[in-house]
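The sequence shown begins at -11 in this note's numbering and counts up by one. One structure is given below, encoded as structure tokens.
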Amino acid sequence: MTQIIENLSEVSAQYDAVLCDLWGCLHNGIKPFEAAVTALETFRDAGKIVHLLTNSPRPAHSVYTQLDEIGVPRDLYQGITASGDASRAALASGAYGKKVYHVGPGRDEAFFQGVSTEDFYQGIDVERVSLKEAEGLVCTGLFDDSTETPDDYRALFLEGKTRGLKMLCANPDIQVDRGDKRIYCAGAIAQAYNDMGGEAHNFGKPHPPIYTLAYQRLADIAGHKIAPQHILCIGDGINTDIRGAIGEDLDSLFITGGLAATETGTDGQPDPAKLDSFLANVQLTPTYSMGHLR
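The following block contains the structure:
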């Protein structure tokens, strides 16, 4: 059974680092949550590492800029590992061809920048082409997530499936809350493509590649490998953040007031009975739970 806590400080002494999700935990896509910032500042000030682990399809250097624009202070955290980083390495491996069709908004341009020249990504040439010329698909999101749903992509799925095009999904999240509006993410497109008989692969949470990269970056920051029992994963996505943490045998803190606010009856804190029912249904048990990060 998960332990409901009031504050991160109740359990922080046993951890040397946190891997903290962004959307729904630290910010809502528009502004940071003050209580979450304060909680992570307290953790940082105790000499511990705050590392951000996000399913953003953008590479880490672009996420830094995005957080600056939202107002998240850079001195709050020590580094970022993004789904975009792990996905770019997969793209550079050549597994999705050298000519790809990009499914996603123009703001995700940074995903493709440098893939052909940076040594970290093995430096193959990747060209974005029309769908009829493509050897593979790269999905970073919907073309217009403010109006579209996965149903709008059925014709694309049919052509991709018929031609045997594999899809690289750079963000496994199904939905996030932007302000007070819930929008679809790349994970919903990948899921729909698989459901239609296509082949889509994910590299962010809950899948191993993003954690492997995060462990490397944590060790670089700390100057030594941090033992798994001293790492806490924080997130509001039960099937991404929490499933991923459990799969890696890491402790987890489930923020119930994000994506699962209704299901867990969260009003400040989750309703214990509704939380137990929700967790039983998904068959996952986070180490700790709280309404909002504080």
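Glycine included, C-beta positions come from ideal geometry on N, C-alpha and C.
**OP:** Identify whether residue 242 lies in helix, strand or coil by the three-state DSSP scheme.
**Re:** Strand, per DSSP.
**OP:** Report all residues from its chain with a CB closer than 7 Å to the CB of residue 107; omit the five preceding and five following residues, and keep chain order.
**Re:** Because residue 107 sits at a pLDDT of 44, beneath the cut-off of 50, its placement in the model cannot be relied upon, and the point is left open.
Original post:
If you draw a straight line from the alpha carbon of residue 162 to that of residue 81, how long is it in whole angstroms?
Top reply: Rounded to the nearest angstrom, the two C-alpha atoms are 25 Å apart.
Original post:
Roughly how many whole angstroms lie between the Cα atoms of residue 228 and residue 16?
Top reply: Cα to Cα, residue 228 sits roughly 17 Å from residue 16.
Original post:
residue 19: buried (16+ other C-beta within 10 angstroms of its C-beta) or exposed?
Top reply: Exposed, by the Cβ-count rule.
Subject >> Nonlocal neighbours in the same chain, by C-beta distance under 6 Å from residue 270, ignoring five residues either side >> reply: Excluding the 5 residues flanking it on each side, residue 270 has same chain C-beta neighbours closer than 6 Å at 226, in chain order.
**OP:** Please report the residue range of the alpha helix (DSSP H) in which residue 201 lies.
**Re:** Where residue 201 is concerned, the enclosing alpha helix (DSSP H) stretches over 196 to 210.
Original post:
Quick one, which of 38, 279, 245 and 90 has its alpha-carbon nearest residue 164's?
Top reply: Of all alpha-carbon atoms in 38, 279, 245 and 90, the one lying nearest the alpha-carbon of residue 164 is that of 245.
Subject >> First through last residue of the alpha helix (DSSP H) which encompasses residue 149 >> reply: Looking at the DSSP string, the run of the alpha helix (DSSP H) that includes residue 149 is 142 to 151.
**OP:** Classify residue 65 as helix, strand or coil using the three-state DSSP reduction.
**Re:** Three-state result, residue 65: coil.
**OP:** Using the DSSP secondary-structure output, state which residues sit across from residue 278 in a beta bridge.
**Re:** Note: residue 278 sits in a beta bridge opposite 243.
Original post:
Skipping 5 residues on each side, what residues in its chain have a beta carbon closer than 8 Å to that of residue 39?
Top reply: Cβ neighbours of residue 39 beyond the five flanking positions: 5, 6, 7, 8, 65, 66, 67, 68, 69, 202, 205, 206 and 209.
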